[in-house]
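S.K.: Residue numbering for the sequence shown follows the numbering used here, starting at 135 and increasing by one per position.
Ideal placement from N, C-alpha and C gives every residue a C-beta, glycine not left out.
Note that the structure is predicted; figures quoted are calculated from it, not measured.
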Amino acid sequence: MIKLRGINRTFGRGDERTDALRGVDLDITEGEFLTVMGPSGCGKSTLLSVVGMLDSEWEGEYHLYDQAVHKLKPKHRIDLNRQYMGFVFQQYHLIDSVTVYENLEIPLSYRKIPSGERAKMVDAILERFQIADKKKQYPSSLSGGTQQLVGVARAVVANPKILLADEPTGNLHSAQAREIMELFQELNRGGTTIMQVTHSETNAAYGMRTVEMLDGGALKN
Ligand SMILES: Nc1ncnc2c1ncn2[C@@H]1O[C@H](COP(=O)(O)OP(=O)(O)OP(=O)(O)O)[C@@H](O)[C@H]1O
Ligand SMILES: [Mg+2]
């Protein structure tokens, strides 16, 4: 489903240069629940951004289904992100100028879901995460943990085929973290392909396979 070959990503130049990804190869099979682990700064978030089509400034080959992503224009890549992917950002990246409800509605608007249907889907996920009372609030008024829950809710609300999650429980207490991992497992059993980045062995245990990243690449199973 996803095939990466020789992916390089460099930030900056000269003395400031960082080779965040160096020749990364990775295959992800449809229906897989993959975990990526590795020390801080080894390139995990950078890799997730490449897979999630949020970054276009890399070199190498990337195939998604039958599409050669490396040959597509950035705009087309964004379309693929909107069509297939849900993304949980390490730093949440909620839109502060709109309410929790509106944040969750955005991914649905990309998929041309009628507004009545959207409202039901947003309400269902807010109920599930027990944050229905936060619906009309703005993200900046919420605790870090609640913002993280909203970030996870936004990633899953539109039932994406591929869920990419960067430290999705880093700011949650253990009971909430368990609920998120159980939700991921349920989605995975329903056919969602998942790639998660985590430092937690507990979270990794929910996945089927773990790859270790070391210093910009060297993925090993
Ligand atoms: N926008 C950027 N500009 C410059 N350097 C960057 C940028 N993003 C990442 N880097 C560098 O690339 C390397 C990999 O960063 P990345 O965020 O992918 O690591 P990570 O494995 O996700 O770390 P963590 O576990 O702390 O989240 C680091 O050296 C980082 O400083
Ligand atoms: Mg990171």
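Flag glutamine 282 as yes when its Cβ comes closer than 7 Å to any non-hydrogen atom of ligand 2, and as no otherwise.
M.R.: no
S.K.: Using the beta-carbon count (16 or more within 10 Å), is alanine 311 buried or exposed?
M.R.: Buried is the call here.
S.K.: Ends of the alpha helix (DSSP H) at valine 232?
M.R.: Careful: valine 232 lies outside any alpha helix (DSSP H) and carries neither H nor E.
S.K.: Counting only runs of 4+ residues fully inside the segment 137–215, write out the alpha helix (DSSP H) ranges in chain order.
M.R.: 178–185
S.K.: Go ahead and pull the three-state DSSP assignment for arginine 262.
M.R.: helix
S.K.: In terms of DSSP beta bridges, what is glycine 279 paired with?
M.R.: The partner list for glycine 279 (beta bridge, DSSP) is empty, contrary to what the question assumes.
S.K.: Should glutamate 301 go down as buried or exposed, given a rule of 16 or more other Cβ atoms within 10 Å for buried?
M.R.: buried
S.K.: Hey, could you find the ends of the alpha helix (DSSP H) methionine 315 is sitting in?
M.R.: 308–323
S.K.: So does the segment 241–252 actually touch the segment 268–277, counting three or more Cβ pairs closer than 8 Å?
M.R.: no
S.K.: Looking only at its chain, what residues have a beta carbon closer than 6 Å to the beta carbon of leucine 214, apart from the 5 residues adjacent to it on each side?
M.R.: Met187
S.K.: State the DSSP-derived secondary structure class of glutamate 79, mapped to helix, strand or coil.
M.R.: Examination of residue 79 is not possible in this model, given that the chain is present from 135 through 355 alone.
S.K.: Does isoleucine 296 have its Cβ less than 8 Å from a Cβ in chain D?
M.R.: No chain D appears in this structure, which consists of one protein chain only.
S.K.: Per DSSP, what kind of secondary structure is arginine 245 in: helix, strand or coil?
M.R.: Coil, per DSSP.
S.K.: At the level of alpha carbons, what is the spacing between isoleucine 229 and methionine 219?
M.R.: 18 Å
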